[in-house]
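A.B. asks: Got a structure here, written out as structure tokens. Questions coming.
Next comes the structure, spelled out in structure tokens:
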């Protein structure tokens, strides 16, 4: 049982390049989330999904796209990377989106630098 | 809307002394509350959660938190700090009605000196 895994762990991009971050979970969770973490700002929600084939915008969605083609995978894409997207990205999953059942399990993170 | 305030950005303690990390929340309805810990260069791990079954919640690694509705607080404590407790701690609030996103505090960095 690997929990939540993320690939890659580190990446350096040049401004304007694109990339996709992959998140996978083996807990059969319906809900999945992408966050970014910046110093002094806690975690901010980028996009989330309440089930296979569905996605929705979070707090800071601009510049990102997501897809949830399979229940176990949640992809985060950057079409044209900008230095402001330099951050640590965390994926999470939960059984439900309600109350205590929204206990979220986090991946180890992807550290992205955009030059 | 719900919100959470972590009152200290940094807390420094000596090994073997008590730990107190403060958290106040704001919520229109009955909240669920969590504490997560993040060790350097790691993901977040759940320490404990408030489920409304008991106001004193015990978590992993000797941590506990007390839900005080009158004070809208959910402070995290540990009787005796260990060097391995040095990490960042996040207080998180959500609601118990329908689908709700987690709202994270900005974090408290705990420093433990020998």
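Chains as they are written, first to last, in the numbering used here: chain A, 0 to 114; chain B, 725 to 838.
Beta carbons are placed, not taken as given, at the ideal position from N, Cα and C, and that holds for glycine.
Owing to the predicted nature of the structure, the values given are computational and were not obtained by experimental measurement.
Hey, quick one: how far does the beta strand (DSSP E) through residue 50 of chain A stretch, first residue to last?
C.D. replies: It spans 42–50 - the beta strand (DSSP E) in which residue 50 of chain A sits, taken as one unbroken run.
A.B. asks: Can we say the region 81–88 of chain A touches the region 739–750 of chain B, given the rule of at least three CB pairs closer than 8 Å?
C.D. replies: Not touching, per the Cβ criterion.
A.B. asks: Could you tell me whether the Cβ of residue 31 of chain A comes closer than 8 Å to any Cβ of chain B?
C.D. replies: For residue 31 of chain A, the answer is no, since every Cβ of chain B falls outside 8 Å of its Cβ.
A.B. asks: Counting only C-beta atoms, is residue 9 of chain A closer than 8 Å to chain B at any point?
C.D. replies: For residue 9 of chain A, the answer is no, since every Cβ of chain B falls outside 8 Å of its Cβ.
A.B. asks: Chain A beta carbons: is any one of them nearer than 8 Å to that of residue 786 of chain B?
C.D. replies: No, residue 786 of chain B lies away from the interface with chain A (no Cβ there is under 8 Å from its Cβ).
A.B. asks: Let me make sure I understand the geometry here. Which of A:109, A:55, A:38 has the alpha-carbon closest to that of residue 90 of chain A?
C.D. replies: Residue A:109 is the option with its Cα nearest to residue 90 of chain A.
A.B. asks: Quick check on DSSP: helix, strand or coil for residue 72 of chain A?
C.D. replies: DSSP places residue 72 of chain A in strand when its eight states are reduced to three.
A.B. asks: Figure out for me which residue from A:2, A:101, A:113, A:114 has the closest Cα to the Cα of residue 767 of chain B.
C.D. replies: Nearest of A:2, A:101, A:113, A:114 to residue 767 of chain B, Cα basis: A:2.
A.B. asks: Specify the secondary structure class of residue 36 of chain A as computed by DSSP and reduced to three states.
C.D. replies: The answer is strand: DSSP assigns residue 36 of chain A an E or B state.
A.B. asks: Roughly how many angstroms lie between the CA atoms of residue 106 of chain A and residue 742 of chain B, to the nearest whole one?
C.D. replies: One C-alpha to the other measures close to 30 Å.
A.B. asks: Going by DSSP, which residues form a beta bridge with residue 23 of chain A?
C.D. replies: Beta-bridge pairing links residue 23 of chain A to A:4, A:72.
A.B. asks: I'd like to know if residue 44 of chain A contacts chain B, where contact means its C-beta is closer than 8 Å to some C-beta of that chain.
C.D. replies: Yes - at least one Cβ of chain B is within 8 Å of the one on residue 44 of chain A.
A.B. asks: Relative to chain A, which residues along the region 821–835 of chain B have a C-beta separation below 7 Å, given in chain order?
C.D. replies: The region 821–835 of chain B vs chain A, Cβ under 7 Å: 822, 823, 824, 825, 826, 828, 829, 830, 831.
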